[in-house]
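This report refers to the structure that appears directly beneath it.
Numbering (our numbering), first residue to last: 1243 to 1383.
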């Protein structure tokens, strides 16, 4: 800090300043010491890790889209099928390895009876993976 007036012509006492040169010298010496000693603080532990062999991922099962319209007509991957043909296709699908996932899409006006019959036919055929596909709500503008 400096003690004095703003008018340098009328100095009545000595000007006292803090000499920062020794402080800068000490900081530079500390910086050099830390730069030299930093690599000594980072040491690694040597480990003999075991080798692992990853197995192949199982093949992803295919999915079958079952759609039911408001009239009760069933569609297998967008192809209309009769009730008897549906049972045969479900039986064939249950024999596949891995079993496909049934994705059931039903019109909101479809009778629950038809949906329950399709679900029962899938269970009877031995299919265990069944998903319901819905449409997300529309955003209000």
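All residues carry an ideal CB built from backbone N, CA and C; glycine is no exception.
Values in this document were obtained by computation on a predicted structure and should not be read as measured data.
Asked                                                                                                              : Found
Touching by the beta-carbon criterion (3+ pairs, under 8 Å), the region 1307-1326 and the region 1265-1280         : no
C-alpha distance - residue 1373 paired with residue 1382, whole-angstrom precision                                 : 27 Å
Whole-angstrom distance between residue 1371 and residue 1304, CA atom to CA atom                                  : 11 Å
Residue 1304, enclosing beta strand (DSSP E) - first and last residue                                              : Counting along the chain, residue 1304 falls outside any beta strand (DSSP E), and DSSP gives it neither H nor E.
Integer-rounded CB distance, given that residue 1369 should sit under 8 Å from residue 1346                        : No, residue 1346 and residue 1369 are not in contact; Cβ-Cβ is about 11 Å, not under 8 Å.
Residue 1310, buried or exposed, once every other Cβ within 10 Å from all chains shown has been counted against 16 : buried
Straight-line gap, residue 1360 to residue 1297 (C-alpha atoms, nearest Å)                                         : 37 Å
With 16 other Cβ atoms within 10 Å as the buried cut-off, status of residue 1391                                   : With the chain covering 1243 to 1383 only, the question about residue 1391 has no answer from this structure.
Through-space distance from residue 1295 to residue 1333, alpha-carbon basis                                       : 37 Å
7 Å CB neighbourhood of residue 1348 in its chain, flanking five on each side removed                              : 1310 and 1357
Those runs of the beta strand (DSSP E) which lie wholly inside the region 1330-1358 and span at least 3 residues   : 1343-1348
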